[in-house]
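According to this note's numbering, the stretch in the sequence shown is residues 1424 to 1547, in order. Cβ atoms here follow ideal geometry from the backbone N, Cα and C, with glycine treated the same way. Have a look at the structure below before the remarks.
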Amino acid sequence: MTTKAKLLAVSLDCAEPKKLAEFYHQVLGMDIQHAEDEYAAVGDGTLSIYFGRIPGRKPATWPSDDKQFHLDVLVPDVEQAVEEYVALGATRPDFQPGVTDEGVRWVVLQDPEGHLICVCPDRS
């Protein structure tokens, strides 16, 4: 039997850890657990996102085969959330595979450091 692990955190490389922690604090409502120039973290007591400074880090372009991961978030109103997140520093790329003639299934954003976030409707 394989030892089961509990996910503690996801770590994101970035140029400005404190800035990115503040962005995700606003978007996810997680507490800022740590904030320094080299390292920052947000969390909710169960899961954390860590941000480590990597000078000269270059984000993957979107769309491209360089993408390694993305975050999915659930929101009650996708367009309102997208507007708010863009005001916080996210960008909305032109390529939107979740936006079709039938409507918005999800919207792809890039956080202030270029990491991808799919903003999805919470239909629960």
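Coarse secondary structure for A1510, derived from DSSP in three states: helix
Buried or exposed, going by whether 16 or more other CB atoms sit within 10 Å of the CB of F1518? exposed
In angstroms with no decimal places, state the Cα-to-Cα distance between Y1473 and M1424. 30 Å
Output yes or no for whether 9 Å exceeds the beta carbon distance between A1438 and I1477. yes
Run the CB neighbour count on L1435, radius 10 Å, all protein chains shown included, and call it buried at 16 or more, exposed below. buried
Using three-state DSSP, classify P1499 as helix, strand or coil. coil
In this structure, how does DSSP classify P1482 when only helix, strand and coil are distinguished? coil
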